[in-house]
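**Student:**
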Amino acid sequence: IVWAGNMINHAPAWCEISIRIMMGASVGLPAASLCINRRLYHIASVRAVSISKAEKRRTIFIDSLICGLFPALYIAFQYIVQGHRFDIFQDIGCYPAFFNSLPTYFISSMWPVIIGLVSGVYCGLSFLLLFPLPDGSAQRCAIASGMIHGG
């Protein structure tokens with residue numbers, strides 16, 4: 004409603020806050036998924052039922068770093084690659100502004116993908132631990148994979 008039919012900066016404070024939330028969410032959501040999948044992996048791979056207080060504290064500390072500190076650092080590093088503070092698109096509103104350069108890809112663009120891939124690995128490992136393949140299934144999967152890929 005504020006930017007209906009115009010691109011005038013009516014709410015500069017809103018733009019500053021909203022773009023930081025957008026940037027933090029772009030890493031924070033995959034980081035939260037990583038923490039959940041990491042926790043599921045540890046639950047699936049644990050052999051002992053009891054967990055010490057120190058171990059529980061360490062796990063909470065690591066999860067807090069992943070979900071809290073990493074998005075905060077990501078937001079802070081955006082100052083390096085931003086061409087200017089934000090862009091305003093007509094009928095849409097504020098959006099983070101990035102300078103198209105090689106450091107932008109290393110500082111900004113690759114981290115959500117990397118975190119998502121690590122989360123996917125933890126998810127796959129959890130799945131394999133929770134639902135193990137029956138004997139011989141791994142060999143059949145390898146043979147089928149070779150047939151599909153022409154090997």
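The numbering used here applies: residue 4 is where the sequence shown begins, and numbers increase by one.
Where is the CB? At the ideal position from N, CA and C, for every residue including glycine.
Per DSSP, what are the beta-bridge partners of Pro99 in this structure?
**Tutor:** In the sequence shown, residue 99 corresponds to position 96, counting from 1. Answer by DSSP bridge pairing, in chain order: Phe89.
**Student:** With distances taken from CA atoms, which of Val49, Ile54, Met10, Gln85 is nearest Phe101?
**Tutor:** The sequence position of residue 101 within the sequence shown is 98, counting from 1. That would be Gln85, whose Cα lies nearest to the Cα of Phe101.
**Student:** Along the alpha helix (DSSP H) that carries Leu32, what are the first and last residues, could you check?
**Tutor:** In the sequence shown, the residue the question calls residue 32 occupies position 29. First-last of the alpha helix (DSSP H) with Leu32: 15-48.
**Student:** Just how far apart, CA to CA, sit Phe80 and Ser111?
**Tutor:** To locate residue 80, count along the sequence shown from 1; it is residue 77. To locate residue 111, count along the sequence shown from 1; it is residue 108. Rounded to whole angstroms, Phe80 to Ser111 spans 8 angstroms at the Cα level.
**Student:** Between Asn40 and Cys126, which are expected to be in contact by the criterion C-beta below 8 angstroms, what is the C-beta distance as a whole number of angstroms?
**Tutor:** Mapped onto the sequence shown, residue 40 falls at position 37. Mapped onto the sequence shown, residue 126 falls at position 123. Confirmed, about 5 angstroms.
**Student:** For the alpha helix (DSSP H) containing Phe80, name the first residue and the last one.
**Tutor:** To locate residue 80, count along the sequence shown from 1; it is residue 77. First-last of the alpha helix (DSSP H) with Phe80: 73-84.
**Student:** Tell me whether the segment 115-123 and the segment 91-100 touch, counting them as touching only if at least three CB pairs, one residue from each stretch, are closer than 8 angstroms.
**Tutor:** no
**Student:** Report the CB separation of Leu37 from Ile118 in whole angstroms; it is logged as a contact under 8 angstroms.
**Tutor:** For the purposes of this step, residue 37 is identified with residue 34 of the sequence shown, where counting begins at 1. For the purposes of this step, residue 118 is identified with residue 115 of the sequence shown, where counting begins at 1. That belief holds up - the Cβ atoms of Leu37 and Ile118 are roughly 5 angstroms apart, short of 8 angstroms.
**Student:** Taking the alpha carbon of Ile11 as the reference point, which residue from Tyr82, Tyr108, Phe89 has its own alpha carbon closest?
**Tutor:** Position 8 of the sequence shown holds residue 11. Ranking Tyr82, Tyr108, Phe89 by Cα distance to Ile11 puts Phe89 first.
**Student:** What is the rounded straight-line gap between the Cα of Cys18 and the Cα of Ser129?
**Tutor:** Looking up residue 18 in the sequence shown gives position 15. Looking up residue 129 in the sequence shown gives position 126. Distance between the alpha carbons of Cys18 and Ser129: 40 angstroms.
**Student:** Nearest to Ser104 by alpha carbon, out of Met25, Ile83, Pro115?
**Tutor:** Looking up residue 104 in the sequence shown gives position 101. Ranking Met25, Ile83, Pro115 by Cα distance to Ser104 puts Ile83 first.
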